[in-house]
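Residue numbers (the numbering used here): 4 to 625. For each residue, glycine too, the CB sits at the ideal point set by N, CA and C. Predicted model only: the values in this text are computed from it and were never measured. For reference, the structure is listed below as structure tokens.
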């Protein structure tokens, strides 16, 4: 046993290694990304680790190993479950002879963008167990147990974390890696179990799935995961779910320091929200005179408490989301528990604690976001707007759909270029629907390279099949940049990991049958603008591949561009360089334009915007 200073995501990685995991697959998605990132940095003979094309593929890769009898895991953020669910529900019906752990990180408070989605809803629909760690050590320990539970019930298991836990760091007791078992035979040829060829087969599998969830309840009860700290009978009770357990001690200490007696408070620590801890909930409801349920996002356990109270014939007031004590949005901290416990006890929040009720966001200064200095997407956004003007139209007359990734920053100032952001790959089909709606103006869909490989290809195929008048701009910076510059299928070969192979994105587009295809450099505004304008006038599907490497990764690889200089004597202080590009390397202070050479990577976009020759490439000062 060794002590390591690691994050919650890394704790899951080490827990999987201690469990003897054979395969780990996933798709980058903040806040879950670091689990696979940590594993890819290790020498792990006998264990396969990969970034997959999308979450559905990742789940299927892991499921294949579990069907062979091995211990496997796939990782994703909460919205990745949407992508994987088609196969997830099918494998849940069939079950597996190995262990299959689905590690998902939800994002209460939406610090990483997308929907504030609660994975437990999928677990309820799928009749899959959910383990919810409350601390870094529990993230490690419950990961190990997830594999044991999955094997015991022959079914996949959710391991659910949240941003506040997955991104935190602390000391964790870590065991040595257990090597994966070898020599499993091919899994059984059993159509009754592994296919859906007929109603009787599907219903029998459903019955088996329900029985496996019931077995999970027995296994979990035997493990004693949902523990109760009993206090005085008839006193108040707290049900803390998942990560909320990590704030209980702090909140109680705050209240006790303020002179509020909590000696009579019984606490149920819920670590498995599915299957519901019915026995423990019922026992607490019978023991306590009033209950507070504290769980982030949806009131799944709280709603179950109402049902358990009804079935047990007890009438106990239940505080939580249904009575308005808490909202169904945002994350919790100790202050939320203080507020809820005060309401449970029927006392006012102490004056000494009221300052703790203000959220951290209330103390933060506004921090506008934009693409990085030197980001090639900047040239794409500017060129789209210039192309619209070149064709004699106004910005509000041309709809530009956006997609997930760094492309979404086209919604921010000064561009305000994108009209939509829905889900991975949705930009192209959404644009097709807009064309079907009858607009006579050009429609543009923008999508990043990693997102195109993830879910964009079906949309492009659909648009091609139906001969849609549509411009598709694939913003190819060579990396999955928004989540931390992971490699994707199109990343340059020298940066691919192990023996992974680069896939030629341009070849993929041509292979789909795209006839009007432009490969351009977004650092060249003239070329880029003309390509977009030409595409917008093409009858049918036209694709512009805006290709230039991510500025951060290019800098890491020591790629150097010609430096940009500012000629102060030529500057008219018109601020167009700032207002059009929004580049963070440019600023205006004390009546002067300033160029921060430490941020500037020499992309040269500003030199093409400046009409007075004040911003020039080195060697072109004359």
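Whole alpha helix (DSSP H) runs in the stretch 61 to 139 with 4 or more residues, listed along the chain? Contiguous alpha helix (DSSP H) elements confined to the stretch 61 to 139 occur at 83 to 97, 123 to 129, taking only those with 4 or more residues.
By DSSP, does residue 520 sit in helix, in strand, or in coil? strand
I need the DSSP call for residue 307, collapsed to helix, strand or coil. helix
Return helix, strand or coil for residue 156, following the three-state DSSP convention. helix
What residues match up with residue 29 in a beta bridge as DSSP calls it? 54, 78
Tell me, to the nearest whole angstrom, how far the beta carbon of residue 108 is from that of residue 158; I am working on the premise that it is less than 8 Å. Actually they are not in contact, since the Cβ atoms of residue 108 and residue 158 sit about 21 Å apart, beyond 8 Å.
Using C-beta distances below 7 Å, list every residue in its chain close to residue 470, excluding the 5 sequence neighbours before and after it, in chain order. 543
Can the beta-carbon of residue 386 be found less than 7 Å from the beta-carbon of residue 517? no
Measuring alpha carbon to alpha carbon, tell me which residue in 232, 95, 328, 169 is nearest residue 215. 95
Quick check on residue 45: buried or exposed, where buried means 16 or more other Cβ atoms within 10 Å of its Cβ? exposed
Of all the options 33, 171, 139, 56, which has the alpha carbon lying nearest to the alpha carbon of residue 119? Sorting 33, 171, 139, 56 by C-alpha distance to the C-alpha of residue 119 places 33 at the top.
With residue 455 as the anchor, note down where its alpha helix (DSSP H) starts and where it stops. Note, residue 455: premise wrong, no alpha helix (DSSP H); not H, not E.
Please say whether residue 588 and residue 616 have beta carbons closer to each other than 7 Å? no
Local Cβ density within 10 Å of residue 486, reported as buried at 16 or more and exposed below that: buried
Could you spell out the range, first to last residue, of the beta strand (DSSP E) harbouring residue 595? Its beta strand (DSSP E) spans residues 595 to 598.
Within the continuous beta strand (DSSP E) that includes residue 276, where are the two ends? First-last for residue 276: undefined, no H or E at that position.
Report the residue from 400, 618, 288, 164 whose alpha carbon sits nearest the alpha carbon of residue 599. 618
Count the other CB atoms, across all protein chains shown, that sit within 10 Å of the CB of residue 260; report buried if there are 16 or more and exposed otherwise. exposed
Relative to the C-alpha of residue 510, which residue among 537, 308, 546, 382 is closest? 546
In whole angstroms, what separates the C-alpha of residue 140 from that of residue 164? 13 Å
Measure the C-alpha to C-alpha separation of residue 548 and residue 211 and round it to an integer number of angstroms. 49 Å
Does the stretch 326 to 334 touch the stretch 248 to 259, meaning 3 or more C-beta pairs lie closer than 8 Å? no
For the stretch 339 to 355 against the stretch 438 to 451, do three or more pairs of beta-carbon atoms, one drawn from each stretch, fall closer than 8 Å, so that the two count as touching? no
Given this structure, state the Cα-to-Cα distance separating residue 626 from residue 529, to the nearest angstrom. Given that the chain is displayed from residue 4 to residue 625, the structure contains no residue 626 and the question cannot be resolved.
Could you work out which residue in 428, 38, 442, 263 is closest to residue 402 when comparing CA atoms only? 442
Could you compute how far the alpha carbon of residue 53 sits from the alpha carbon of residue 275? 28 Å
Given this structure, state the Cα-to-Cα distance separating residue 669 from residue 620, to the nearest angstrom. Since the first and last residues shown for the chain are 4 and 625, residue 669 lies out of range.
Short of 6 Å in beta carbon distance, which residues of its chain neighbour residue 434, apart from the five on each side in sequence? Order them along the chain. 404, 446, 448, 473
Compute the Euclidean distance between the alpha carbons of residue 242 and residue 606, then round it to the nearest angstrom. Roughly 55 Å between the two C-alpha positions.
Can you check the stretch 553 to 609 for any beta strand (DSSP E) of at least 3 residues that lies completely inside it and give the ranges in chain order? 567 to 569, 589 to 592, 595 to 598
Less than 7 Å between the beta carbons of residue 125 and residue 84, yes or no? Cβ atoms of residue 125 and residue 84: closer than 7 Å.
Between the Cα of residue 244 and those of 580, 477, 138, spot the shortest distance and give me the residue it belongs to. 138
To the nearest angstrom, how far is it from the Cα of residue 408 to the Cα of residue 457? 11 Å
Quick one: what's got a C-beta closer than 6 Å to residue 115's C-beta in the same chain, skipping five residues either side? 33, 34
Simplified DSSP state of residue 180, which is helix, strand or coil: coil
How many whole angstroms separate the CB atoms of residue 393 and residue 532, which I take to be in contact at a CB cut-off of 8 Å? 6 Å
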